[in-house]
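For the sequence shown, this note's numbering begins at 69 and goes up steadily by one. Note that CB positions come from ideal geometry on N, CA and C, so glycine has one too. None of the values given here were measured: they were computed from a predicted structure. Beneath this line is the structure, given in structure tokens, with notes to follow.
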Amino acid sequence: MRTYWRFYWPLALTGVGMVLSVQFQNATLARYPEAVTELAVIALAHGVFGFFNACLQFISQLTNVYARTAQATRSTWRYVVLVSFVIMTPLFLIATTESGMGLVQLVFGIDAELSERVGVYLLLMCPLVPLNAQRHYLSGLMIQAHRTGWVTTCNFVYLGTVIVMLVIGFNMGWAAPYVVVGAELFGVGVLIAILWLAKRYAYQAPQTEQHADDEDVTFAELTKFFIPVSTTGVMFALSRPVLFAFVSRSPNGLLAIAALRVAFDFSMLFQQAANQFRHFFISFGFEDIHRKRRFMAAVAVGITAIMLVFAFTPLSNWIWGTLMGVPSELMALSVEVLIVMCLMPTVIIYRNYFHSRLMHLRRTAGMAYGAMLRVLGIFVVAALTFQLGALNHLSAAAILILGFVIEALVARSAHQRMSAPKTAMPGG
């Protein structure tokens, strides 16, 4: 168990460090005039950007699984570079064309002025796609070598860089998009530089005969693994925009979206910690499974307890109100959303256990099917709730969790089908 903790806690802190940067972005935006509108605009922009950026979320797992020889590592890096620029291209077209902005207006039901502000964010975010791809690739190599402490250190350097740039940009009076996205671009650049140095001086390829056939790994093999898992990431990114598309049309839609943005982003601190179980099982396998399940349960209880303490004590008022400057009417709604989101860590950890099983088998199609059904379920229930006049910040949070429950059950079913013993044909 001690070995598991030594591997896991730096990864959990890595997720915390990355998501904390979003909290400081929110705190910066909360100090601009028309803070609620500014937070809603970036929520919509991240909803679009996240659709493309989420394709990259499993690059670290792809690297961990396949980059186990010199040739396979080179092939994986080339594949990551190619894929990242392919993914960035449609985002650039949305941000720079009238038809792209028209699509944003149609999906979110916003006017031309708001969509233009969203477009500024999207254009500035385009370089983040190839940069984040490199960040995930290098992180995957370090995690593969069990150098999780390096990954954590690098990500907290990134966090510190972002905070410094946010303070500088805000005090110099720069426009909000340039402050927020500029800080992130600079921070990711610093993070990549440090990870490259760590790879050069601290990385050692795994000494194992497992996956020795990966010496000749091809783009086709990488694509067969990557498309289903990237679909999972895309569907995750779609979850918020699907909800926002309905919430934005409800009474006080912008206020509700801003509250969902604050609470969802804060809950991601804990969701990212839960997501590290994918790396945990890829690295340690599924032997001694009972002890590993107890470890998962302990983490789930701990994460949930922290969220509950934050939601039900003055801590939320101090952090969101005093430190971040979130307006009082927005903060009250955000706390209510967070209470609902306390159910999320257990659901995510349960889902990720079966995701790990499927990735270990290199049979990731079940992950894609589950993610697509999650978004479909969110769409159907959100549409029904909207028609009934019951869609608000609380019901939207509950619908999001319901979608992840659907995905977890589909992933479990896919694993059970693959693990079931084959029945011999009569007379065979």
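**Study point:** Sufficient close CB pairs (3 or more, under 8 angstroms) joining the stretch 305-313 to the stretch 436-444
**Key:** Flag = yes, the stretch 305-313 and the stretch 436-444 touch.
Review point. Can you check whether the CB of L159 is closer than 7 angstroms to the CB of C194?
Key: In the sequence shown, counting from the first residue as 1, residue 194 sits at position 126. In the sequence shown, counting from the first residue as 1, residue 159 sits at position 91. Yes.
**Study point:** DSSP-derived helix/strand/coil call for H214
**Key:** As a first step, residue 214 is located in the sequence shown; it is residue number 146 there, counting from the start. Of the three classes helix, strand and coil, the one that applies to H214 here is coil, per DSSP.
Practice item. Report yes or no: do three or more beta-carbon pairs, one from the stretch 219-226 and one from the stretch 164-174, lie closer than 8 angstroms? Key: no
Check your understanding: Can you tell me whether S396 is buried or exposed, with buried defined as 16 or more other CB within 10 angstroms of its CB?
Key -> Along the sequence shown, read from residue 1 onward, the residue named residue 396 stands at position 328. S396 should be labelled exposed.
Point to revise | Neighbourhood of T432 by C-beta distance below 7 angstroms, restricted to the same chain and skipping five residues each side | key: Translated into positions along the sequence shown, residue 432 becomes position 364. Contacts found: F293, P296, V297, L426.
Exercise for review: For A436, collect the residues of the same chain with a Cβ closer than 7 angstroms to its Cβ; drop the 5 residues on either side in sequence, then sort them by chain order.
Suggested key: Along the sequence shown, one-based indexing puts residue 436 at 368. These residues qualify, in order along the chain: P296, T299, T300.
Review point. Got a sec? Which residues, its chain only, sit under 8 angstroms from L322 by beta carbon, not counting five neighbours each side?
Key: For this step, residue 322 is matched to residue 254 along the sequence shown. The residues are V104, T105, A108, S316.
Practice item. Could you pull out every unbroken beta strand (DSSP E) segment of at least 3 residues lying fully inside the stretch 381-447, listed in chain order? Key: none
Exercise for review: Classify E499 as buried or exposed, calling it buried when 16 or more other Cβ atoms lie within 10 Å of its own Cβ.
Suggested key: Residue 499 is absent from the structure shown; the chain starts at 69 and stops at 496.
Review point. Under 7 angstroms between the Cβ atoms of L88 and L227?
Key: As a working mapping, residue 88 is identified with position 20 in the sequence shown. As a working mapping, residue 227 is identified with position 159 in the sequence shown. Pairing L88 with L227 gives a Cβ-Cβ distance under 7 angstroms.
Review point. What is the rounded straight-line gap between the Cα of I374 and the Cα of R70?
Key: By one-based count along the sequence shown, residue 374 stands at place 306. By one-based count along the sequence shown, residue 70 stands at place 2. The alpha-carbon atoms of I374 and R70 are separated by roughly 22 angstroms.
Check your understanding: How about the stretch 165-185 and the stretch 205-219: do they share at least three Cβ pairs that are nearer than 8 angstroms?
Key -> The stretch 165-185 vs the stretch 205-219: no contact.
Exercise for review: In the DSSP assignment, find the unbroken alpha helix (DSSP H) run with M486 in it and report its ends.
Suggested key: Taking the first residue of the sequence shown as position 1, residue 486 is located at position 418. Counting along the chain, M486 sits inside the alpha helix (DSSP H) bounded by residues 461-487.
**Study point:** 4-residue-minimum alpha helix (DSSP H) runs that sit fully inside the stretch 136-166, ordered along the chain
**Key:** 138-164
**Study point:** Delimiting residues of the alpha helix (DSSP H) encompassing D179
**Key:** As a position in the sequence shown, residue 179 is number 111, starting the count at 1. Element bounds for D179: n/a, residue is neither H nor E.
Review point. Taking just the CA atoms, how far does G389 sit from V116?
Key: Translated into positions along the sequence shown, residue 116 becomes position 48. Translated into positions along the sequence shown, residue 389 becomes position 321. Cα to Cα, V116 sits roughly 28 angstroms from G389.
**Study point:** Separation of A331 from A243, as counted between CA atoms
**Key:** Here residue 243 is taken as the residue at index 175 of the sequence shown, counted from 1. Here residue 331 is taken as the residue at index 263 of the sequence shown, counted from 1. Those two C-alpha atoms are separated by around 24 angstroms.
Exercise for review: Report all residues from its chain with a CB closer than 6 angstroms to the CB of G495; omit the five preceding and five following residues, and keep chain order.
Suggested key: Taking the first residue of the sequence shown as 1, we reach residue 495 at position 427. Low local confidence applies: a pLDDT of 44 at G495 is under 50, so the model's placement there is unreliable, with the coordinate-based value given in what follows. Contacts found: none.
**Study point:** Span separating the alpha-carbon of I127 from that of F354
**Key:** In the sequence shown, the residue the question calls residue 127 occupies position 59. In the sequence shown, the residue the question calls residue 354 occupies position 286. When rounded, the distance between both Cα atoms is 22 angstroms.
**Study point:** Among A451, F314, T137, nearest to T286 - alpha-carbon criterion
**Key:** In the sequence shown, residue 286 corresponds to position 218, counting from 1. Residue T137 is the option with its Cα nearest to T286.
Check your understanding: S487: buried (16+ other C-beta within 10 angstroms of its C-beta) or exposed?
Key -> Indexing the sequence shown from 1 puts residue 487 at position 419. Answer is exposed; the Cβ neighbour count stays below 16.
**Study point:** Three-state secondary structure (DSSP) of T453
**Key:** Counted from its first residue, the sequence shown places residue 453 at position 385. Reduced to three states, the DSSP call for T453 is helix.
Practice item. Using beta-carbon positions only, say whether V148 and A201 come within less than 7 angstroms of one another. Key: Your numbering for residue 148 matches position 80 in the sequence shown. Your numbering for residue 201 matches position 133 in the sequence shown. Yes, Cβ-Cβ distance for V148 and A201 is below 7 angstroms.
Check your understanding: How about A95 and I325: do their beta carbons lie closer than 7 angstroms?
Key -> Stepping through the sequence shown from its first residue, residue 95 is reached at position 27. Stepping through the sequence shown from its first residue, residue 325 is reached at position 257. No.
Point to revise | Proximity to L462 [Cα-Cα], best of W386, F312, W145, A341 | key: Along the sequence shown, one-based indexing puts residue 462 at 394. With distances taken between Cα atoms, L462 lies closest to F312.
Check your understanding: Three-state secondary structure (DSSP) at V285?
Key -> Along the sequence shown, one-based indexing puts residue 285 at 217. DSSP, reduced to helix, strand and coil, places V285 outside both helices and strands of the structure shown, so it counts as coil.
**Study point:** Inter-residue CB distance, F334 and L406 (contact presumed, cutoff 8 angstroms)
**Key:** Start at 1 with the first residue of the sequence shown, and residue 334 comes out as number 266. Start at 1 with the first residue of the sequence shown, and residue 406 comes out as number 338. Between L406 and F334 the Cβ distance is about 6 angstroms, and since that is below 8 angstroms, they are a contact.
**Study point:** Local Cβ density within 10 Å of Y421, reported as buried at 16 or more and exposed below that
**Key:** Reading the sequence shown from its first residue, position 353 is the one you call residue 421. Buried, because 16 or more other Cβ atoms sit within 10 Å of the Cβ of Y421.
**Study point:** Closest Cα partner of N320 within the set R346, I260, A379, L398
**Key:** For the purposes of this step, residue 320 is identified with residue 252 of the sequence shown, where counting begins at 1. Measuring from the Cα of N320, the nearest candidate turns out to be L398.
Point to revise | Secondary structure of R362, DSSP reduced to three states | key: Residue numbering aside, residue 362 sits at position 294 when the sequence shown is read from its first letter. Helix at R362.
Check your understanding: Which first and last residues belong to the alpha helix (DSSP H) in which D333 is found?
Key -> Residue 333 sits at position 265 when you count from the first residue of the sequence shown. Note, D333: alpha helix (DSSP H), 321-343.
Check your understanding: Does DSSP put P198 in a helix, in a strand, or in coil?
Key -> Locating residue 198 in the sequence shown gives position 130, counting from the first residue. Helix at P198.
Point to revise | A113 beta carbon less than 7 angstroms from that of V197 | key: For the purposes of this step, residue 197 is taken as residue 129 along the sequence shown, with counting starting at 1. For the purposes of this step, residue 113 is taken as residue 45 along the sequence shown, with counting starting at 1. Cβ atoms of V197 and A113: not closer than 7 angstroms.
Review point. Starting from Q125 and walking both ways along the alpha helix (DSSP H), at which residues does that stretch end?
Key: Within the sequence shown, residue 125 is the residue found at index 57, counting from 1. Unbroken run through Q125: none, as it is neither H nor E.
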